[in-house]
Amino acid sequence: MNLKFKDKIAPPKFAESLLERLIKDELVEEVLGDLDEKFYQTLKVKTTIRAKLNYWYQVLNYIRPFALKKYRSNSNNTDMFKNYFKVSFRNLRKNKGYSFINLGGLAFGITVTLLISLWVHDELSFNTYHTNHNRIARVIQNVTNNGEIQTWTSTPFPLAEELRTNYGDNFKHIAMAVSWGGHSLTLNDKTLNKVGGYFENDAPEILD
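Oh and the sequence shown: position 8 is 1031 in our numbering, straight run, nothing missing.
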């Protein structure tokens, strides 16, 4: 094989670099020499792709415990953190009052954060089982009572007809609800008394 052909087609560089990083330094030169020799021998009888795949196969075979470098873990970081914990613990014991205030404030802050997060999660997940939960709205009103603005959940019953007549394009379904309480239904001489809240006919289309 002439030198020009040899320089044109070379073993995979990344495979060589990987092998140099992983195996012991005393084995690198010998192993790479053997692999290069096998690579160019394979090129004589197989395609370039097959030769490179075979080279990768040989590289992976060398990644074994007996050939790998032994890395020693640096314990400096571990010792440093241990020292930090010791110093912190000694300071906590030395300044008990100051430590109690700081730890108590931290615990209180974490508790408040968790409670607020739970509350927000509950608000955002409430009634999401309805198919169109993100399109359901409850109409409320602001009322001035003795000079004070108050928000009431109750609304005038004629509001339903007003919404249907003038804002029908904005609402697919409208259902007024009767306040919770006692209700009577009379037919001839029979009377049915029930306690509860009642909706208009469109309610099942809104709240499934």
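Cβ atoms here follow ideal geometry from the backbone N, Cα and C, with glycine treated the same way.
>> The beta strand (DSSP E) that contains Thr1151, what's its start and end?
In response: Here the question's residue 1151 lines up with position 128 in the sequence shown. Looking at the DSSP string, Thr1151 is not in any beta strand (DSSP E), and its letter there is neither H nor E.
>> Taking only three categories from DSSP, how would you classify Thr1216?
In response: Residue mapping note: residue 1216 aligns to position 193 of the sequence shown, counting from 1. Reading off the sequence, residue 1216 comes out as Asn, not Thr. Three-state result, Asn1216: strand.
> DSSP state of Gly1191, grouped into three classes?
Replying inline: Position 168 of the sequence shown holds residue 1191. Coil at Gly1191, not helix or strand.
> Where does Ser1040 sit, in a helix, a strand or coil, going by DSSP?
Replying inline: By one-based count along the sequence shown, residue 1040 stands at place 17. Helix.
> Roughly how many angstroms lie between the CA atoms of Lys1047 and Ala1033, to the nearest whole one?
Replying inline: As a first step, residue 1047 must be located in the sequence shown, where it is residue number 24. As a first step, residue 1033 must be located in the sequence shown, where it is residue number 10. So the two alpha carbons sit approximately 23 Å from each other.
>> How far does the beta strand (DSSP E) with Leu1210 in it extend, from its first residue to its last?
In response: For the purposes of this step, residue 1210 is identified with residue 187 of the sequence shown, where counting begins at 1. If you look at Leu1210, you'll find it in the beta strand (DSSP E) that goes 1200 to 1210.
> Closest by CA to Ile1229, which one among Gly1219, Leu1186, Asn1155?
Replying inline: Counting from one through the sequence shown, the residue named residue 1229 turns up at place 206. Cα-wise, what sits closest to Ile1229 is Asn1155.
> Around the Cβ of Leu1137, are there at least 16 other Cβ atoms within 10 angstroms (buried) or fewer (exposed)?
Replying inline: Mapped onto the sequence shown, residue 1137 falls at position 114. Result: exposed.
>> Below 8 Å, how does it come out for the stretch 1190 to 1201 and the stretch 1212 to 1225: are there three or more Cβ pairs, yes or no?
In response: Touching, yes, given that three or more Cβ pairs across the two stretches are closer than 8 Å.
> So Val1162 is in the beta strand (DSSP E); what residue range does that whole segment cover?
Replying inline: Walking along the sequence shown from the start, residue 1162 turns up at place 139. For Val1162, no beta strand (DSSP E) encloses it, and the DSSP letter there is neither H nor E.
> Is Tyr1085 near Leu1042, with beta carbons less than 8 Å apart?
Replying inline: Numbered from 1 along the sequence shown, position 62 holds the residue referred to as residue 1085. Numbered from 1 along the sequence shown, position 19 holds the residue referred to as residue 1042. With contacts defined by Cβ atoms closer than 8 Å, Tyr1085 and Leu1042 form a contacting pair.
> Between the stretch 1059 to 1070 and the stretch 1103 to 1115, are three or more C-beta pairs nearer than 8 Å?
Replying inline: Between the stretch 1059 to 1070 and the stretch 1103 to 1115, the count of C-beta pairs closer than 8 Å stays below three; the two stretches do not touch.
> Under a Cβ-count criterion, where at least 16 other Cβ atoms within 10 Å of its own Cβ denotes burial, should Tyr1121 be classed as buried or exposed?
Replying inline: Position 98 of the sequence shown, counting from 1, holds the residue named residue 1121. In the assembly as shown, Tyr1121 is an exposed residue. Its beta-carbon has fewer than 16 other beta-carbons within 10 Å.
> If you compare alpha carbons, which of Glu1171, Pro1179, Ala1038, Asn1193 is closest to Gln1164?
Replying inline: Taking the first residue of the sequence shown as 1, we reach residue 1164 at position 141. Checked all of Glu1171, Pro1179, Ala1038, Asn1193; the closest Cα to Gln1164 is Pro1179.
> What first and last residue would you give for the beta strand (DSSP E) that runs through Thr1232?
Replying inline: In the structure as shown, the chain starts at 1024 and stops at 1231, and residue 1232 therefore has no counterpart that could be examined.
> What is the rounded straight-line gap between the Cα of Leu1083 and the Cα of Lys1075?
Replying inline: Stepping through the sequence shown from its first residue, residue 1083 is reached at position 60. Stepping through the sequence shown from its first residue, residue 1075 is reached at position 52. Rounded to the nearest angstrom, the gap between the Cα atoms of Leu1083 and Lys1075 is 12 Å.
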